[in-house]
Each structure stands twice: as C-alpha cells, then as structure tokens.
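Residues 9 to 392, numbered by my numbering, are exactly what the sequence shown covers, in order.
Working notes, structure below.
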Amino acid sequence: MTRPIYLDNNATCRLDPLVLETMMPYLQDGFCNPSSPYRAGARARAAVEHARSVIAEAFLCSPQELLFCSGGTEADNWALRGVAQVLKAKGRHILTSAIEHPAVQETLRALALDGFFVTEIPVNADGVVDISTLEKNIRPETVLISVMHANNETGVIQPVEEIAAIASSRKISFHSDAVQSAGKLPLHFGHLGADLIALSGHKLHGPKGIGLLYVREGTTLAPLITGGGQEMGRRSGTENVPAIVGLAAAVRIATENMRTTSARTSALRDRLETQILHTISDARVNGLDGPRLSNTSSIRFAGVDGESVALAMDLKGFEISTGSACSTGSELPSPVLLAMGLSPRDAQGTIRISLSRFTTEAEVDLAATALVEIVARLRAVSSL
Ligand code: PLP
C-alpha cells in the first residue's frame with residue numbers, strides 16, 4: 009500500500025482526478041478573461057455562469073445568490089465584515105459560538121477592536137451550542153449571529169435551522185460557516201434559513217483558492233474587495249475560471265455520491281473508533297454523543313500528548329492531525345475542546361482523524377494498529 013496514508017481530510021482533501029479533468033481546458037487554451045469582448049472571453053463567462061447554475065442546483069438556491077471568492081476564510085470575513093459595515097448604525101452586538109474556526113473568531117476579534125460587542129455562546133459536553141443561552145443573550149442591538157454548521161475539529165453538527173428561525177423571527181442577520189459540512193451533509197440553502205453561508209473548494213475534493221458565499225436574496229452586504237465590479241458588482245477581481253469550474257464539478261460529484269460516501273465513511277469511522285476504544289485503555293471520542301459528521305473522529309488518550317502521537321504516526325506513514333492544532337500549528341490546547349469542558353491536558357491528548365470517500369478499510373485498519381502500538385510506546389515513557 010502506498011504511503012503516506014492520508015487521514016486529514018478536514019484540513020484539506022486531494023483533488024478528485026475527475027475535477028482536475030474538468031479544469032484542464034481552462035488552465036490551457038481556455039485561459040481568457042470572462043470580461044474580454046471576444047468570443048473566447050464569452051466562452052469563459054459561459055463556463056463561470058454554468059458553474060454557478062450547477063452549484064445552485066446542488067444547494068437548491070438561485071444562481072444569483074452565489075458569489076465566488078477565494079475560499080472559506082474570505083467568505084467568512086466577507087459575511088461578517090460586510091454585515092457589520094452595513095448594520096453598524098442599527099446595532100453593534102454580535103452573537104457567536106465558542107467553537108468557531110479562526111476565520112470567524114479572529115474576524116470577530118477585529119470587529120470587537122472596532123467597537124462591536126461580541127458574545128460567545130457556550131457549547132455542552134457534546135460540543136453542541138446551547139440554543140437557550142443564545143436566545144437569552146439576544147439584545148435589541150444584536151445585528152448578527154454567526155454559528156458554524158459543523159465543527160472542523162470534532163465534526164459535531166450544530167442546530168443551525170433552529171438558530172436561523174430564532175434569528176429570522178428577531179430580524180437578525182444569520183451567517184453560518186458550512187465549510188466542513190458542504191458536500192458531506194445534504195444542504196438546502198433555502199431550508200437552512202441562514203442569510204449567509206460560507207464554503208470552500210478544497211474541503212470537498214475541489215481546488216484550493218476558491219470558495220463561495222451564499223447571500224440570500226435581499227441581504228445587503230458591503231463588498232470586502234472593490235475593483236472592477238465582477239461577481240455582480242459585489243466581489244471584484246478577475247474570476248478564477250479553472251477553480252470555479254473545478255468547484256462546480258466537486259460540488260456535483262459530492263452531491264451525487266453523498267449517500268454512498270456518508271454510509272461508507274461512517275462505517276469506516278465506526279470501525280476505527282471501535283478498534284481503538286476496545287484496544288486502548290483510557291481512550292475517549294470527543295463529541296461521541298453529539299450529532300457528528302460521518303468522516304470525523306476526535307479521540308483523546310490519557311497520559312500522552314496528541315502532538316507526539318501525530319508525529320509518531322507521520323514517521324510510520326500516516327498523516328493525521330492533533331486536536332490542538334489550528335491553521336498555524338499552535339501548541340495551545342484547542343479552544344474548541346476546552347469549550348466542551350475538557351481539561352487542558354485532555355485537550356492536548358487529542359488527535360483528529362478525518363476520512364474521505366477515497367479512504368479504504370485497509371487504511372483505517374493499518375492506522376488503528378499503528379495507533380495502538382504508538383500510544384502504548386508513548387505511555388511507557390510518558391511522565392504526563
Ligand atoms: N471554516 C472552517 C470550519 C474550516 O475548517 C476552514 C478550514 O480549515 C475554514 C473556514 C477556512 O477555509 P479556507 O481554508 O478555504 O480558507
């Protein structure tokens with residue numbers, strides 16, 4: 009079996025070869041600018057608009073509600089800063105959860121420095137946001153709620169439909185980061201009820217550097233990037249045509265295969281967790297009793313450091329993540345796990361394994377065997 013074995017699909021996914029195939033013509037002869045006045049420009053424009061309708065069909069919304077941008081981080085920044093700018097005269101209070109991705113958390117921190125008041129709503133031990141606390145914290149000046157659809161570290165799914173209903177009844181804008189759930193859970197943008205939804209190409213076997221923001225019809229949003237007026241005047245910059253075409257192909261493939269992928273990854277994840285929990289003492293799955301994405305497993309081992317486990321796994325040819333690492337490789341305990349009530353030591357003893365439709369049973373079995381050996385070896389020498 010070829011090594012390394014990749015088990016870190018919540019960090020990023022391999023590009024599906026079928027997606028690459030659809031992109032190739034636009035990386036080669038079809039390179040023209042969609043705004044150019046000749047026929048090749050019109051063909052590039054048609055490719056962009058076709059991609060938009062394919063994605064709209066998958067998420068059951070109107071193509072005009074989908075705006076392409078550079079990825080999940082930009083989509084989150086745009087949603088939060090764009091709403092804050094438009095609504096700051098109406099109110100300056102924002103509600104969010106304690107488990108958001110840094111793309112949301114850091115952006116809200118920046119808005120707080122700019123005069124906004126941000127309240128973080130706690131989650132329960134399963135990692136699910138506490139809706140009654142959220143409701144109690146709504147103030148007359150609350151203009152925005154931002155709660156993610158599924159958490160990147162634990163895979164725990166949040167009750168966004170209920171939050172959307174609360175937000176809508178109070179006339180508060182609602183943004184949801186669906187970067188991890190898109191392509192894994194059925195997403196009907198209209199039914200979900202959020203005004204703004206962020207997603208990213210490279211988390212669903214599409215290319216990097218492309219994402220989109222769903223902006224529900226009628227939602228006013230200031231632009232984040234100004235310039236030539238692309239994307240219906242709302243997000244400037246020459247369109248990344250190959251990546252847009254690739255994103256549409258990735259969304260289509262993920263949607264068509266969702267049922268089988270989800271059945272497959274949940275069976276593999278359960279197999280992995282069963283092997284680990286049955287063979288390694290003092291191992292626990294974080295968020296086990298919450299509703300979880302079928303591909304994500306956040307596991308903690310008493311008496312070892314997740315970072316050491318991930319390093320040892322890498323040396324054996326397995327790519328997994330720690331529970332603490334965010335994008336910058338921070339060694340601080342994960343705020344997400346701390347918010348779920350884990351002690352700093354338990355948070356630091358956590359690893360994350362995230363599967364994809366390309367993961368095989370043999371890979372999962374080899375990873376479980378390697379983990380059993382590594383945890384035993386590290387525990388034998390650990391002072392934790
Ligand atoms: N939101 C979540 C939940 C994520 O997991 C990530 C990436 O890890 C992002 C946002 C950022 O997306 P991107 O890497 O496309 O900027």
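For glycine and all other residues, C-beta sits at the position ideal for the given N, C-alpha and C.
message: Rounded to whole angstroms, what is the Cα-Cα separation between Phe67 and Leu23?
response: Taking the straight line joining both Cα atoms gives about 21 Å.
task: Could you please give the first and the last residue of the uninterrupted beta strand (DSSP E) stretch that includes Ile359?
output: Going by DSSP, Ile359 is part of the beta strand (DSSP E) stretching over Thr358 to Ser362.
message: Taking the alpha carbon of Gly80 as the reference point, which residue from Thr115, Ser105, Thr246 and Ile139 has its own alpha carbon closest?
response: For Gly80, the closest alpha carbon among the candidates Thr115, Ser105, Thr246 and Ile139 is that of Thr115.
Residue list, Cβ distance to ligand 1 heavy atoms smaller than 5 Å: With 5 Å as the limit, the residues whose C-beta approaches a heavy atom of ligand 1 more closely than that are Gly79, Gly80, Thr81, His109, Ala111, Asn160, Asp185, Val187, Gln188 and Ser208, in chain order.
query: Which first and last residues belong to the beta strand (DSSP E) in which Arg292 is found?
result: Start and end: Ala291 to Val293.
field: Where His183 sits in the DSSP three-state scheme
entry: The answer is strand: DSSP assigns His183 an E or B state.
field: Supposed close pair Gly331, Ser306 - CB separation, criterion 8 Å
entry: With a Cβ gap of about 6 Å, Gly331 and Ser306 count as contacting.
query: Based on the DSSP output, what are the partners of Cys77 in its beta bridges?
result: Looking at the DSSP assignment, Cys77 forms a beta bridge with Gly219.
query: Taking all protein chains shown into account, do 16 or more other C-beta atoms lie within 10 angstroms of the C-beta of Asn160, making it buried, or fewer, making it exposed?
result: When all chains shown are included, Asn160 counts as buried.
message: Does Phe366 pass the burial test, meaning 16 or more other C-beta atoms within 10 Å, or should it be called exposed?
response: By the 10 Å Cβ count, Phe366 comes out exposed.
query: If you draw a straight line from the C-alpha of Leu200 to the C-alpha of Leu75, how long is it?
result: One alpha carbon belongs to Leu200, the other to Leu75, and they sit about 18 Å apart.
message: Could you check whether Val253 and Ile107 sit closer than 7 Å to each other, using their CB atoms as the reference points?
response: In this structure, Ile107 sits away from Val253, with a CB-CB distance that is not shorter than 7 Å.
task: Indicate the three-state DSSP secondary structure (helix, strand or coil) for Phe124 in the structure shown.
output: Judged by DSSP in its simplified three-state form, Phe124 adopts coil rather than helix or strand.
task: Classify Ala190 as helix, strand or coil using the three-state DSSP reduction.
output: It is a strand residue.
query: Relative to the alpha-carbon of Pro42, which residue among Gly191, Leu35, Ala52 and Val380 has its alpha-carbon at the smallest distance?
result: For Pro42, the nearest C-alpha among the options comes from Ala52.
field: Asp203 and Ser181 closer than 7 Å at C-beta
entry: For Asp203 and Ser181, yes; Cβs fall inside 7 Å.
message: Check this for me: beta carbons of Val312 and Val383, under 7 Å apart or not?
response: Cβ atoms of Val312 and Val383: closer than 7 Å.
task: Ignore the nearest five residues each way along the sequence and tell me which others in Leu363's own chain have a CB closer than 7 Å to its CB.
output: So the qualifying residues of the chain are Leu15, Asn17, Thr273, Leu276, Arg277 and Asn303.
task: Using a threshold of 7 Å, state whether the C-beta atoms of Val112 and Asp138 are closer than that.
output: At the C-beta level, Val112 and Asp138 stay beyond 7 Å of one another.
CB contact flag (Leu212, Ala258, <7 Å): Yes, the Cβ-Cβ distance between Leu212 and Ala258 is below 7 Å.
- request: Could you spell out where the beta strand (DSSP E) holding Arg308 opens and where it closes?
  value: Segment Thr304 to Phe309, the beta strand (DSSP E) holding Arg308.
query: What separation, rounded to the nearest whole angstrom, lies between the Cα atoms of Ala175 and Arg353?
result: Their Cα atoms are separated by approximately 36 Å.
field: Residues near Ile129 in its chain [Cβ-Cβ closer than 8 Å; skip 5 each side]
entry: Answer for Ile129: Leu103, Thr104, Ser105, Ala106, Val137, Asp138, Thr141, Leu142, Asn145 and Val155, listed in chain order.
task: Return helix, strand or coil for Ala19, following the three-state DSSP convention.
output: Here Ala19 sits in coil by DSSP.
query: Beta carbon of Ile399, beta carbon of Ala158: below 7 Å?
result: For residue 399 there is no data in the structure shown, the boundaries of the chain being 9 and 392.
message: Measuring alpha carbon to alpha carbon, tell me which residue in Ala378, Arg292, Gly349 and Leu301 is nearest Ile328.
response: The candidate whose alpha carbon is nearest that of Ile328 is Ala378.
query: Per DSSP, which one or two residues make a beta bridge with Val137?
result: Val137 is bridged to Val131.
task: Return the chain-ordered list of same chain residues with a C-beta closer than 8 Å to the C-beta of Pro148, the five sequence neighbours on each side being excluded.
output: Around Pro148, the same chain offers Gly99 as residues with beta carbons nearer than 8 Å, after the five sequence neighbours per side are excluded.
query: On the premise that Ile218 lies in contact with Ala186, defined as a C-beta separation below 8 Å, what is that separation, rounded to the nearest angstrom?
result: Going by Cβ atoms, the distance from Ala186 to Ile218 rounds to 15 Å, so no, they are not a contact pair.
message: Between Ala256 and ligand 3, is there a pair consisting of the residue's CB and a ligand heavy atom that are separated by less than 6 Å?
response: Summarising the ligand content, the structure contains ligand 1 and does not contain ligand 3.
message: I need the straight-line Cα distance from Thr336 to Thr20, nearest angstrom please.
response: Here the model assigns Thr336 a pLDDT of 49, short of 50, so the residue's position is not dependable and the matter cannot be decided.
- prompt: Measuring CA to CA, which of Gln356, Asp290 and Leu340 is closest to Ser316?
  reply: Here the closest residue by C-alpha is Gln356.
Buried/exposed call for Gln238, threshold 16 Cβ in 10 Å: The residue in question, Gln238, is buried, as its Cβ has 16 or more Cβ neighbours within 10 Å.
task: Put Glu327 into one of helix, strand or coil per three-state DSSP.
output: Glu327 sits in a strand when the DSSP states are folded into three classes.
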